[in-house]
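Accompanying notes for the structure given below.
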Amino acid sequence: MPKNKIIHLQTEMRLCNCCGGSDLELMWSNKSIIVKSSSTWEFPVNVSICRNCGFCFSSPSPNSDDLMKYYGDGNTSYKEISLPYSIEERLRILDKYKVPDGIFVEIGGDAPGEFHRRCSKYFNQLHSIEATKDLKNKSIDINTLNESVDVISHYDVLEHVLDIKQFLLNCFSALKRGGVMICEVPNLKLYPDNLLLQEPDHVNHFTISSLNLIAEKIGFSLIDTDNNASRPHGFVAIFKKEGVDIPCKKEYKNEFIEARKYIAGALKQIHNNDIHLTNLRKKMNQLTKDGKKIILWGVTDLLRSLIKDYKFSDKAIVVDSDPRRKDDLILDGIGVSQPIKCVENFLQADLLVICAPRYASDILTWIESNTGKIFKDASLSIIGVNSHGKTLR
Ligand SMILES: [Zn+2]
Numbered sequence: 019m020p021k022n023k024i025i026h027l028q029t030e031m032r033l034c035n036c037c038g039g040s041d042l043e044l045m046w047s048n049k050s051i052i053v054k055s056s057s058t059w060e061f062p063v064n065v066s067i068c069r070n071c072g073f074c075f076s077s078p079s080p081n082s083d084d085l086m087k088y089y090g091d092g093n094t095s096y097k098e099i100s101l102p103y104s105i106e107e108r109l110r111i112l113d114k115y116k117v118p119d120g121i122f123v124e125i126g127g128d129a130p131g132e133f134h135r136r137c138s139k140y141f142n143q144l145h146s147i148e149a150t151k152d153l154k155n156k157s158i159d160i161n162t163l164n165e166s167v168d169v170i171s172h173y174d175v176l177e178h179v180l181d182i183k184q185f186l187l188n189c190f191s192a193l194k195r196g197g198v199m200i201c202e203v204p205n206l207k208l209y210p211d212n213l214l215l216q217e218p219d220h221v222n223h224f225t226i227s228s229l230n231l232i233a234e235k236i237g238f239s240l241i242d243t244d245n246n247a248s249r250p251h252g253f254v255a256i257f258k259k260e261g262v263d264i265p266c267k268k269e270y271k272n273e274f275i276e277a278r279k280y281i282a283g284a285l286k287q288i289h290n291n292d293i294h295l296t297n298l299r300k301k302m303n304q305l306t307k308d309g310k311k312i313i314l315w316g317v318t319d320l321l322r323s324l325i326k327d328y329k330f331s332d333k334a335i336v337v338d339s340d341p342r343r344k345d346d347l348i349l350d351g352i353g354v355s356q357p358i359k360c361v362e363n364f365l366q367a368d369l370l371v372i373c374a375p376r377y378a379s380d381i382l383t384w385i386e387s388n389t390g391k392i393f394k395d396a397s398l399s400i401i402g403v404n405s406h407g408k409t410l411r
């Protein structure tokens, strides 16, 4: 299927993974266009909160078979500029749970090479497992690990998983008694300060307590949490597979009111960002009219929103350091170039728009060292940051 055909993911009703409830309040619906290796996908987003327990998740969610096909369509983690996560933050936590003669497993590793090389001093064996089992790869099957693993970790995986309990049960079965699971996910409480609600393929939105509530039902005990995660806006929760002790039943409070507040904050942030994009689009249209040149860096959701009502001319180009993105805007009739081939364009540009805010400083450093040009003040606009310059995603 070529990239210029859109595949629509079908949706289905999804019950609460936390309490099994079906009494949901739909908070927000949206659709997102995502270009993967071989196809363009239209991704439905329906953020709901369970009225019974307050867990926030996608329902109706994409159909699980369709979601598997979507994840099977290549992976977009080509990173030339820099890794999307901090190895140091991961090692800082792993250092506390190291087992020098033990086995470490990471599920769904995103560019694990350097990370695994550096954590090899903490464990005897390291394994990677793909999060989606029907991908063609050499990774091992989690069901064969049977109580052999000392530490199992997954970083920014669980927010993508439709059947959370099955996923955690697989982790539980793979771990030895006394083994540890390290789980990092985006923190719903921080959504009012970011644009993570717009991430289409996040089908779960956790707080520490909602994650704990689900994990405890599997048999895990929460032993530690940390707000310094390896990606911005996340938290790390560390669980233990206890010995013979059965976790005591606690009273939980329904988080519905809080969850609704976080989602309302997130929607306000999305609205503010839309205003920022509208103003920037006006500025771009004026510059184009005046014959000025513009470079947009990064094929992201933010770029797609920005160019929705912007009429491209030969005065504006889009660049991305990932060469596989060259056809990603084919539906808009726009080609994507590699920055290194556009040195002349950088020298002549009047405005640089960075659409991948997390990499803004790496991008500016790259431009300065490869072209000698410094973009700042009126010649620079970074989208997806708040008024204090803090990255929103
Ligand atoms: Zn529930």
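So the sequence shown is residues 19 to 411, counted in my numbering. Even for Gly, the Cβ is constructed at its ideal location relative to N, Cα and C. All values reported here derive from a predicted model rather than from experimental measurement.
Would you give the residue range spanned by the alpha helix (DSSP H) that residue i belongs to?
i: residue 183; result: 182 to 192
i: residue 274; result: 274 to 307
i: residue 361; result: 361 to 366
i: residue 233; result: 226 to 236
i: residue 399; result: Element bounds for residue 399: not the alpha helix (DSSP H) but the beta strand (DSSP E), 398 to 400.
i: residue 215; result: Per DSSP, residue 215 belongs to no alpha helix (DSSP H) and is neither H nor E.
From residue i to residue j, what distance separates their C-alpha atoms?
i: residue 32; j: residue 223; result: 14 angstroms
i: residue 294; j: residue 51; result: 21 angstroms
i: residue 220; j: residue 61; result: 11 angstroms
i: residue 410; j: residue 321; result: 14 angstroms
i: residue 206; j: residue 67; result: 12 angstroms
i: residue 357; j: residue 285; result: 33 angstroms
i: residue 365; j: residue 54; result: 31 angstroms
i: residue 158; j: residue 108; result: 23 angstroms
i: residue 305; j: residue 341; result: 28 angstroms
i: residue 218; j: residue 137; result: 31 angstroms
i: residue 173; j: residue 120; result: 20 angstroms
i: residue 249; j: residue 30; result: 30 angstroms
i: residue 412; j: residue 184; result: There is simply no residue 412 to check, as the chain begins at 19 and stops at 411 in what is shown.
i: residue 288; j: residue 213; result: 6 angstroms
i: residue 335; j: residue 398; result: 15 angstroms
i: residue 308; j: residue 396; result: 15 angstroms
i: residue 56; j: residue 388; result: 31 angstroms
i: residue 327; j: residue 350; result: 11 angstroms
i: residue 324; j: residue 80; result: 26 angstroms
i: residue 346; j: residue 238; result: 42 angstroms
i: residue 38; j: residue 300; result: 47 angstroms
i: residue 74; j: residue 194; result: 31 angstroms
i: residue 123; j: residue 245; result: 22 angstroms
i: residue 34; j: residue 216; result: 20 angstroms
i: residue 273; j: residue 59; result: 33 angstroms
i: residue 338; j: residue 402; result: 17 angstroms
i: residue 229; j: residue 148; result: 21 angstroms
i: residue 279; j: residue 232; result: 21 angstroms
i: residue 22; j: residue 329; result: 20 angstroms
Span of the beta strand (DSSP E) holding residue i?
i: residue 168; result: 167 to 173
i: residue 43; result: 42 to 53
i: residue 387; result: First-last for residue 387: 378 to 389, but that is the alpha helix (DSSP H), not the beta strand (DSSP E).
i: residue 134; result: Looking at the DSSP string, residue 134 is not in any beta strand (DSSP E); the run it does join, the alpha helix (DSSP H), is 131 to 137.
i: residue 144; result: 141 to 147
i: residue 369; result: 369 to 372
i: residue 66; result: 58 to 68
i: residue 320; result: Careful: residue 320 lies outside any beta strand (DSSP E), inside the alpha helix (DSSP H) at 319 to 324.
i: residue 252; result: 252 to 259
i: residue 24; result: 24 to 26
i: residue 337; result: 334 to 337
i: residue 313; result: 312 to 315
Three-state secondary structure (DSSP) at residue i?
i: residue 161; result: helix
i: residue 207; result: helix
i: residue 195; result: strand
i: residue 177; result: helix
i: residue 200; result: strand
i: residue 410; result: coil
i: residue 242; result: strand
i: residue 121; result: strand
i: residue 358; result: helix
i: residue 154; result: For residue 154, the predicted model reports a pLDDT of 47, less than 50, meaning its position is unreliable and no value from the coordinates is stated.
Item checked: Closer than 6 angstroms: residues whose CB approaches a heavy atom of ligand 1 -> 34, 36, 37, 39, 68, 70, 71, 73
Within the stretch 70 to 118, ranges of the beta strand (DSSP E) (whole runs, at least 3 residues): 74 to 76
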